[in-house]
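Enquirer:
Residue numbers (the working numbering): 20 to 279.
The following block contains the structure:
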């Protein structure tokens, strides 16, 4: 396994952090999840491949145990808002002084700086600030949030995994750890780079819900079937559109591809 021998300490948080740590565990890392005393975490969700430890980090004894654990670890993953770990005397300056090779990964909604850094939020808020939410929805309707996969899991969890992997690689050359500031807003904005770079192309030049890839094309959408289920149609290329028309209606002459 690619990450065999890597020790990761995960401080308990909501979905993005546990998902990030689970991915690392899936690829061989040894993950220790630090829980609050008395918490009841459902390991069947995002706890695969992890061990757990209960510590009260607000108490000197609990904080001391975490420091000793991080002193021999490769990665610390923490999900708290800006300033929380520093208040606990567990910030990167202290833990990386104990262990200069430690990769200190901070996974938050809004990042470590700026006017939003100390605020709480959820997937829909991160999507809105990234601009992506403005592009999701049908023509004439309000933008709507998809499942919390885009900001929480992709822009947050997976982008943090990528940052950790690059930091581990860089450490093989420098011998030093670093601080990773991963956050859902910037991660989602990065994932949507193609969207913004192609704003003036035929893919996205129309308003929301009137483009090929956002529900504005009858050949790239979903339909209810006779048995009450749904099917997805994606016939963008002309040759596939031709097959769709011929297969459904047997037409030899068929209308050109148009969006709504």
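Ideal Cβ placement from N, Cα and C applies to all residues, glycine included.
Since the structure is predicted, the reported quantities are computational estimates derived from the model, not experimental observations.
1) Between residue 94 and residue 247, what straight-line distance do the alpha-carbon atoms span, to the nearest angstrom?
2) Whole beta strand (DSSP E) runs in the segment 95-138 with 3 or more residues, listed along the chain?
3) By DSSP, does residue 65 sit in helix, in strand, or in coil?
4) Are there three or more Cβ pairs, one per stretch, closer than 8 angstroms when the segment 211-220 is compared with the segment 191-202?
5) Exposed or buried, what is residue 115 when buried is set at 16 or more other beta-carbons lying within 10 Å of its beta-carbon?
6) Pick out whichever of 141, 190, 193, 187 has its Cα sitting closest to the Cα of residue 287.
7) So is residue 267 buried or exposed if we call it buried at 16+ other beta carbons inside 10 Å?
8) For the ligand NAD, is there any heavy atom lying closer than 7 angstroms to the beta carbon of residue 158?
9) Taking the straight line between their C-alpha atoms, what separation do you get for residue 50 and residue 207?
10) Tell me, please, whether the segment 179-192 touches the segment 24-40 by the rule of three or more beta-carbon pairs shorter than 8 angstroms.
11) Could you check the C-alpha separation between residue 108 and residue 146 for me, to the nearest Å?
12) With H, G and I counted as helix, E and B as strand and the rest as coil, what does DSSP make of residue 221?
13) What's the call for residue 101, buried or exposed, on a 16-neighbour Cβ count within 10 Å?
14) Give the secondary structure of residue 231 by DSSP, where H, G and I count as helix, E and B as strand, and everything else as coil.
15) Hey, would you say residue 129 sits closer than 8 angstroms to residue 138, going by beta carbons?
16) Spatial neighbours of residue 89 within its chain, please: C-beta separation below 7 angstroms, excluding the five flanking residues on both sides.
17) What whole-angstrom Cβ distance do residue 162 and residue 153 have, given they're in contact under 8 angstroms?
18) Tell me, which residues are paired with residue 242 by DSSP?
19) Can you tell me which of 244, 43, 91, 235 puts its alpha carbon nearest to the alpha carbon of residue 20?
20) Between the C-alpha atoms of residue 172 and residue 47, what's the straight-line distance to the nearest angstrom?
Expert: With the structure as the only source:
1) Numbered from its first residue, the chain shown carries residue 94 at position 75. Numbered from its first residue, the chain shown carries residue 247 at position 228. Rounded to whole angstroms, residue 94 to residue 247 spans 49 angstroms at the Cα level.
2) 122-127
3) For the purposes of this step, residue 65 is identified with residue 46 of the chain shown, where counting begins at 1. Three-state DSSP puts residue 65 in a helix.
4) no
5) What you label residue 115 is simply residue 96 of the chain shown in a count that begins at 1. Label assigned to residue 115: buried.
6) This structure gives no information on residue 287, because the portion of the chain shown stretches from 20 to 279.
7) Numbered from its first residue, the chain shown carries residue 267 at position 248. Label assigned to residue 267: exposed.
8) Among the components of this structure there are no ligands whatsoever, and the ligand NAD is therefore not found.
9) Residue 50 sits at position 31 when you count from the first residue of the chain shown. Residue 207 sits at position 188 when you count from the first residue of the chain shown. When rounded, the distance between both Cα atoms is 26 angstroms.
10) yes
11) Here residue 108 corresponds to residue number 89 of the chain shown, with the count starting at 1. Here residue 146 corresponds to residue number 127 of the chain shown, with the count starting at 1. Spanning the two alpha carbons is a distance of roughly 32 angstroms.
12) On the chain shown, position 202 is the one that residue 221 refers to. Residue 221: coil per DSSP, three-state reduction.
13) Stepping through the chain shown from its first residue, residue 101 is reached at position 82. Its Cβ being crowded by 16 or more others within 10 Å, residue 101 is buried.
14) Residue numbering aside, residue 231 sits at position 212 when the chain shown is read from its first letter. Helix at residue 231.
15) To locate residue 129, count along the chain shown from 1; it is residue 110. To locate residue 138, count along the chain shown from 1; it is residue 119. Yes; because the gap between Cβ atoms is below 8 angstroms, this pair is in contact.
16) Counted from its first residue, the chain shown places residue 89 at position 70. 28, 95, 114, 117, 118, 121, listed in sequence order.
17) As a position in the chain shown, residue 162 is number 143, starting the count at 1. As a position in the chain shown, residue 153 is number 134, starting the count at 1. Right, the Cβ-Cβ distance comes to about 6 angstroms (below 8 angstroms), so this counts as a contact.
18) As a first step, residue 242 is located in the chain shown; it is residue number 223 there, counting from the start. Paired residues: 250.
19) Your numbering for residue 20 matches position 1 in the chain shown. Of 244, 43, 91, 235, the residue nearest in Cα terms is 43.
20) Along the chain shown, one-based indexing puts residue 172 at 153. Along the chain shown, one-based indexing puts residue 47 at 28. Approximately 20 angstroms between the Cα atoms of the pair.
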